[in-house]
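Colleague: Handing you this structure, nothing more for now.
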């Protein structure tokens, strides 16, 4: 099973804020089919000029680790 962290876009607009959901996508395939599962990891919230990061996952406790994981996936 492969997994990948991804920031979903476009954002959701709620109460004057932009919400970007960070998810872990699991992919499992075999010759007869496959499964795709998505688990929320974190949330980016933009309010006016401020950004906030809220983690739901112990493996991604802060934004520095999230950026490190995303950079590793890109290379």
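In full-length UniProt numbering, the protein residues as written are 1 to 75.
Using N, Cα and C, we set each Cβ at its ideal position, and we do this for glycine too.
By Cβ distance, which residues of its chain are closer than 8 Å to residue 63, with the 5 residues on each side in sequence left out?
Modeller: The residue labelled residue 63 in the question sits at position 63 within the chain shown. Hits under 8 Å: 53.
Colleague: Within this structure, are the beta carbons of residue 5 and residue 70 separated by less than 8 Å?
Modeller: Here residue 5 refers to the residue found at position 5 when the chain shown is read from its first residue. Here residue 70 refers to the residue found at position 70 when the chain shown is read from its first residue. Yes; because the gap between Cβ atoms is below 8 Å, this pair is in contact.
Colleague: With a CB to CB cut of under 8 Å and the five nearest residues on each side skipped, what residues in its chain are close to residue 51?
Modeller: Here residue 51 is taken as the residue at index 51 of the chain shown, counted from 1. Cβ neighbours of residue 51 beyond the five flanking positions: 44 and 45.
Colleague: Which of the three DSSP states is assigned to residue 71 in this structure?
Modeller: Working through the chain shown from its first residue, we reach residue 71 at position 71. If DSSP states are grouped into helix, strand and coil, residue 71 belongs with the helices.
Colleague: Label residue 37 either buried or exposed according to how many other C-beta atoms from any shown protein chain fall within 10 Å of its C-beta, with 16 as the threshold for buried.
Modeller: By one-based count along the chain shown, residue 37 stands at place 37. With fewer than 16 Cβ atoms within 10 Å of its Cβ, residue 37 is classed as exposed.
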